[in-house]
């Protein structure tokens, strides 16, 4: 008769056992290996690394396996693991001008020093289901060519030489760490970029899209989008110089945006910037657009009240781990609160009823 | 679990949280920002409370965890197990035996003592949040003690419904200064906020800690002609017969039958052990047997 949620302990254990069984799926089908996920689901792995803020393809692949392919759940696993890691120090800023590019395109110039490299992109594929893949996935090797030696200059630098694009102020100020200090407003640009690069791809995409549709439109061109590997260097105090400790794959997007100028300032292009772990170009472009929209104050633009211009709105809601946690927590028991609402509604209804009867 | 530090968090993180707790105790009701960590349970599941508990726990502690007043609701079980695994502390269901109690949505019926710490899980720490969504604005309102908006909201309730239509997370004023959200406890529990125990509030996702030191003055907001009233279901507990405890309403059949039972399971069991019986106690005992 008394049916409140009892026996929570056993219920949890059984739920976990069932979950493990469901994760494995049909045992007659071979199990996925972490290496398979890492190499064949690479874009999912990249997203988990980017939003999990941890560059480790093996762990990201493991998280995807454990999360049954739920990428936000996988991001969560990575984040929870990441917080437990000790901090040795910080790397030097990576030099994206020295990137070994797999892909490098500019929408603003037909050609540029360093050339346009399409790389492994979906862009010009026809989205027709390839039923051959259902049977076998073997492909002939792609044609190869010599890689270009030497640094690949940033396209926005060419504009900068002529003073046509706004110059970013150089700063040696240590950027704040979103994961070690509470988020407080106003946030500087470094902190905003940090929040955006680990922000939810869908949320950042939606905001970026809203700017294109007129909610704080800033008319962005992709000045350059590049994907490739950069060397990570760290200064070791005992040595007194920087050593390479590894490399990471990054996607960098620089947008060139319209700017009318003012009475005192001549017309000049402005910039938005996106930098994300792995091959994640949808996210990097979105990030650059939102970054640009958030810079309205610094660039002397009007606040149009658009969501993408609102730093507090964007930064407070872009983290999918916070969002999904708070959203999903409403399925936890709330019967105490609900009971108090129930009492209140009954009382209000009883009073209204009494008032109506008294009036009749 | 030897891979993790005692009570999961590393000592540096605990120190950071303890400093926030001390600041919170020094300025009762003020929301102290802290660098909340990502915990191995989701935001919304009590990550703030868990971090505060982790920072307070010592090996000698005896921990009690309740959700909706009960020790055996799933999330209370989960959090208790988390600390059993990571801290190895003793646990208990008995309010009087616990040195640290982590709670969600309730304050135990039994008065707490000076030797106890009550840790609340807080979803939205800002009492002004649903009146003003911007943190930059609400922080300004707190510093200027600009609380008119809350009173307007309560007044509008009275104008529309004839009474204040806030039944849980009912705002309080602490030591005549800060307006504070007591977390979503039913307003029935508000008088218990003046307590001999240390009360700590942790909001993980929102990165805030606040506190009520022992015997701190806590006043539920109201008007002279509409005084605050701690309400509950107008019944007695069907198991232990208590007429003064907060009750859960449980639907027992398809025909609209219902029973009322104490939400505080330990309180209810204690009374039944002492021989108190409610309307349906006998039937329930048969079921349980």
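Chains as they are written, first to last, in my numbering: chain A, 81 to 440; chain B, 16 to 304. Beta carbons: idealized from backbone N, C-alpha and C, even for Gly.
From the DSSP output, which residues share a beta bridge with residue i?
i, result
"residue 444 of chain A", "Within the shown structure, residues of chain A are numbered from 81 to 440, placing residue 444 of chain A beyond reach of any answer."
"residue 363 of chain A", "Its beta-bridge partners do not exist; DSSP assigns none."
"residue 168 of chain B", "Paired residue(s): none; residue 168 of chain B is not in a bridge."
"residue 90 of chain B", "Bridge partners of residue 90 of chain B: none, in fact."
"residue 323 of chain A", "A:314"
"residue 337 of chain A", "A:300, A:350"
"residue 223 of chain B", "B:48, B:218"
Taking 9 Å as the threshold (beta carbon to beta carbon), is residue i in contact with chain B?
i, result
"residue 196 of chain A", "no"
"residue 387 of chain A", "no"
"residue 259 of chain A", "yes"
"residue 159 of chain A", "yes"
"residue 448 of chain A", "Nothing can be reported for residue 448 of chain A: it is not among the residues displayed for chain A, which extend from 81 to 440."
"residue 394 of chain A", "no"
"residue 128 of chain A", "no"
"residue 420 of chain A", "yes"
"residue 336 of chain A", "no"
"residue 34 of chain A", "Since the first residue of chain A shown is 81 and the last is 440, residue 34 of chain A is not available in this structure."
"residue 81 of chain A", "Any reading at residue 81 of chain A needs caution, since the residue's pLDDT is 37, under 50, leaving its predicted position unreliable; the model's value is listed next. With 9 Å as the cut-off, residue 81 of chain A counts as an interface residue toward chain B."
"residue 72 of chain A", "The requested residue 72 of chain A does not occur in the structure, where chain A is confined to residues 81 to 440."
"residue 118 of chain A", "no"
"residue 401 of chain A", "yes"
"residue 173 of chain A", "no"
"residue 424 of chain A", "yes"
"residue 244 of chain A", "no"
"residue 428 of chain A", "yes"
Flag this pair as yes or no: are the beta carbons of residue i and residue j separated by less than 9 Å?
i, j, result
"residue 336 of chain A", "residue 236 of chain A", "yes"
"residue 206 of chain B", "residue 406 of chain A", "no"
"residue 310 of chain A", "residue 176 of chain A", "yes"
"residue 308 of chain A", "residue 182 of chain A", "yes"
"residue 331 of chain A", "residue 358 of chain A", "yes"
"residue 314 of chain B", "residue 122 of chain B", "Any property of residue 314 of chain B remains undetermined from this structure, which presents chain B solely from 16 to 304."
"residue 184 of chain B", "residue 142 of chain B", "yes"
"residue 295 of chain A", "residue 368 of chain A", "no"
"residue 43 of chain B", "residue 189 of chain B", "yes"
"residue 265 of chain A", "residue 392 of chain A", "yes"
"residue 416 of chain A", "residue 263 of chain B", "yes"
"residue 135 of chain B", "residue 216 of chain B", "yes"
"residue 191 of chain B", "residue 232 of chain B", "yes"
"residue 362 of chain A", "residue 285 of chain A", "yes"
So is residue i in contact with chain A if we call contact Cβ pairs under 9 Å?
i, result
"residue 222 of chain B", "yes"
"residue 291 of chain B", "no"
"residue 304 of chain B", "Residue placement at residue 304 of chain B is poorly supported in this model, since its pLDDT is 41, which falls under 50; the coordinates are not used for a value here."
"residue 110 of chain B", "no"
"residue 269 of chain B", "no"
"residue 96 of chain B", "yes"
"residue 134 of chain B", "no"
"residue 225 of chain B", "no"
"residue 16 of chain B", "Reliability fails at residue 16 of chain B, whose pLDDT of 44 lies under 50, so the model's placement of it is uncertain and no value is given."
In whole angstroms, what is the alpha-carbon distance linking residue i and residue j?
i, j, result
"residue 343 of chain A", "residue 193 of chain B", "47 Å"
"residue 149 of chain B", "residue 58 of chain B", "20 Å"
"residue 190 of chain A", "residue 184 of chain A", "12 Å"
"residue 130 of chain B", "residue 160 of chain B", "33 Å"
"residue 197 of chain B", "residue 249 of chain B", "24 Å"
"residue 269 of chain A", "residue 92 of chain B", "42 Å"
"residue 364 of chain A", "residue 202 of chain B", "47 Å"
"residue 86 of chain B", "residue 277 of chain B", "12 Å"
"residue 243 of chain A", "residue 305 of chain A", "21 Å"
"residue 274 of chain B", "residue 182 of chain B", "21 Å"
"residue 94 of chain A", "residue 55 of chain B", "20 Å"
"residue 88 of chain A", "residue 125 of chain B", "24 Å"
"residue 237 of chain B", "residue 68 of chain B", "32 Å"
"residue 267 of chain A", "residue 52 of chain B", "19 Å"
"residue 83 of chain B", "residue 265 of chain B", "13 Å"
"residue 244 of chain B", "residue 170 of chain B", "15 Å"
"residue 213 of chain B", "residue 97 of chain A", "39 Å"
Is any beta-carbon of chain C found at less than 9 Å from that of residue i?
i, result
"residue 263 of chain B", "Absent from the structure is chain C; the protein chains it does hold are A and B."
Near-chain A residues of the region 196-211 of chain B - C-beta to any C-beta below 8 Å
Correct list: 199, 200, 201, 202, 203.
According to a CB-to-CB cut-off of less than 7 Å, which residues of the region 63-84 of chain B neighbour chain A?
82, 83, 84
Output, in sequence order along the chain, the residues in the region 31-50 of chain B whose CB is closer than 7 Å to any CB in chain A.
48, 49, 50
Contact set between the region 172-193 of chain B and chain A, restricted to residues whose Cβ is under 7 Å from the partner
176, 177, 180, 182, 183
Residues in the region 149-167 of chain B with C-beta within 7 Å of chain A's C-beta atoms, listed in sequence order?
149, 150, 151
Residues within the region 407-419 of chain A neighbouring chain B, beta-carbon criterion of under 7 Å
For the region 407-419 of chain A, which is checked against every Cβ of chain B, the residues closer than 7 Å are 408, 409, 412, 413, 415, 416, 417, 419.
Using a Cβ-Cβ cutoff of 9 Å, what residues of the region 235-254 of chain B are near chain A? List them in chain order.
246, 247, 248, 249, 253, 254
Relative to chain B, which residues along the region 193-217 of chain A have a C-beta separation below 9 Å, given in chain order?
none
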